[in-house]
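When we follow the numbering used here, the leftmost residue of the sequence shown carries the number 41, and every step to the right adds one.
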Amino acid sequence: MDDDGNFINVVQLEIGGRYFYDIDENTHTAIFERWYGRENDTELIIPSSIDYNGVTYKIVALGDEVGNQNEKLEKVIIPEGVTRINGFAFCHGLKNITIPSSVKEIGSNAFKECIELESIVLPEGLSTLGYRAFYNCVKLKSIVIPSSVARIESGVFHNCQQLSSITIPSTISEIGEEVFYNCVSLKTINFNEGLQSIGKGAFLHCEALKSIVLPNSLKALASYAFSDCTSLESVKFPKSLKVIPEAAFAKCEALTSIEFPESIYKIERSAFRECTSLKKVELPRNLTALNNCVFQGCSSLIEIVVPEGVTKIGYGSFCSCNSLTDIYCYSEMPPAIDGAFDDVPLEQVTVHVPVVKKYKKDISWKAFGKLVPIQ
41 MDDDGNFINV VQLEIGGRYF YDIDENTHTA IFERWYGREN DTELIIPSSI
91 DYNGVTYKIV ALGDEVGNQN EKLEKVIIPE GVTRINGFAF CHGLKNITIP
141 SSVKEIGSNA FKECIELESI VLPEGLSTLG YRAFYNCVKL KSIVIPSSVA
191 RIESGVFHNC QQLSSITIPS TISEIGEEVF YNCVSLKTIN FNEGLQSIGK
241 GAFLHCEALK SIVLPNSLKA LASYAFSDCT SLESVKFPKS LKVIPEAAFA
291 KCEALTSIEF PESIYKIERS AFRECTSLKK VELPRNLTAL NNCVFQGCSS
341 LIEIVVPEGV TKIGYGSFCS CNSLTDIYCY SEMPPAIDGA FDDVPLEQVT
391 VHVPVVKKYK KDISWKAFGK LVPIQ
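See below:
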């Protein structure tokens, strides 16, 4: 067997027309590749070993098609000694599976579309949750990720609509793309120190999520990470984070306030677009420019505080923020704002600035209702 778990000297073995194995004659190990159940078979018991030509071969892995998309299969028992599991995708009736402590890897698409699976116990010692391992397991309600897991691959719990809480152990440094996409019942996420990056769309459409505290170890957040989390009320950002990426919190309609750490120096396009409950924004001190459409459509936004280092507010940054009444801009020189406040009734907005004379000379800024000195 090579480093990827593939046999080098393979003999394919068929037993009784129903059980298919790949055996390695050098290591005396076998992969259970495929099983053909009878019409009324609802249970599969994986053997721990098989005998062939007087030699015993230990079962060490389950192949990509072991369940053969059997829709009537309800229960699977896997023996100790198996280290890698694949192959139960589209087993729509699967409700119960026993995973032994020897398993180190649950492979890509292993339980994809197992729509009756409600719970599963992952063993301590498991190191890998593969791509879309539990994709669209719509009845999966609870799962505990062992502390031995180092990375959650993309889409692992995509569309697990009844999953309500999850704890990310400190051993996990990276959450892949769309891992919890459309987990609409997910209310609680417990992040532990050690997590360094969250992938694109990792928590997109987690509509029940109310609050998040990101760990101090987090260094990178990808675009759309928490977009469309429509119940999200509060976010605590760590001082280790420097960039808020594109649409990371777009359409978080319940978000009422944001407290940025001073470490943030860049907020990318549409980061907080259509956060319709947001009332006040105080931009981080180290920001020098605001990208396009960052707060577009934040219809409840009343007050904006712009630090002195900002030289440009991008096109559409506050477009359609039609409740806006006050801007506190600490830049002595007026920042460029071409198109930044489109569809805002400028006559209702008071702009508080350090040097009124300079702002009155700027064609864009003098369009506001009032320009007054900062008190």
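Ideal Cβ placement from N, Cα and C applies to all residues, glycine included.
As the structure is a prediction and not an experimental result, all values here were calculated from the model.
Residue i - DSSP class collapsed to helix/strand/coil
i      : result
GLN455 : An answer regarding residue 455 cannot be provided, because it is not within the stretch 41 to 415 covered by the chain.
VAL384 : coil
ALA407 : helix
VAL396 : helix
LYS319 : coil
LEU203 : coil
LEU134 : coil
ARG78  : coil
VAL275 : strand
ILE160 : coil
ARG124 : strand
SER251 : strand
THR69  : strand
LEU84  : strand
GLY103 : strand
8 Å Cβ cutoff met for residue i and residue j
i      : j      : result
THR270 : LYS250 : no
PRO209 : VAL196 : no
TYR171 : GLU153 : no
VAL350 : ALA329 : yes
GLU2   : HIS198 : Any property of residue 2 remains undetermined from this structure, which presents the chain solely from 41 to 415.
PHE312 : VAL334 : yes
VAL275 : ILE298 : yes
SER194 : GLU164 : no
VAL122 : ILE99  : yes
TYR368 : GLU348 : no
SER257 : LEU235 : yes
Residue i: CB within 7 Å of a non-hydrogen atom of the ligand MN
i      : result
LEU226 : This structure lacks the ligand MN, and indeed carries no ligand of any kind.
Cβ shell of residue i (< 6 Å), same chain only, five flanking positions each side left out
i      : result
LYS135 : GLU114, GLU156
LEU162 : PRO186
ALA287 : SER263, TYR264, SER267, SER310
ARG58  : TYR76
LYS352 : ALA329, PRO375, ALA376
HIS109 : Going by the sequence as given, residue 109 is Gln instead of His. Contacts found: PHE130.
PHE381 : PHE358
Residues near residue i by beta carbon distance below 7 Å, same chain, minus five either side
i      : result
ALA248 : VAL224, SER225, LEU226, LYS227, SER271
GLU273 : LYS250, SER251, ALA294, LEU295, THR296
VAL51  : ILE63, GLU65
GLY379 : TYR355, GLY356
PRO385 : ASN362
SER167 : LYS144, GLU145, SER188, VAL189, ALA190
GLU54  : PHE60
Contact set for residue i: own chain, Cβ-Cβ below 8 Å, skip 5 residues either direction
i      : result
ASN80  : LYS112
GLN388 : LEU364, THR365, GLY409
ILE125 : ALA101, LEU102, ILE118, ILE139, VAL143, GLU145, ILE146, GLY147, ALA150
ILE304 : PHE277, LEU281, LYS282, VAL283, ILE284, PRO324, ASN326, LEU327
THR316 : GLU293, GLY337, CYS338, SER339, SER340
LEU203 : LEU180, LYS181, SER182, ILE183, PHE197, PHE220, CYS223, SER225, LEU226
HIS132 : GLU111, GLU153, CYS154, ILE155, GLU156
GLU120 : SER88, PRO140, SER141, SER142
Decide yes or no for the touch test of the stretch 354-365 against the stretch 391-401: beta carbon pairs closer than 8 Å, at least 3 of them.
-> No contact exists between the stretch 354-365 and the stretch 391-401.
Beta strand (DSSP E) runs wholly inside the stretch 288-360, at least 3 long, in chain order | With a minimum length of 3 residues, the unbroken runs of beta strand (DSSP E) contained wholly in the stretch 288-360 fall at 320-322, 343-346.
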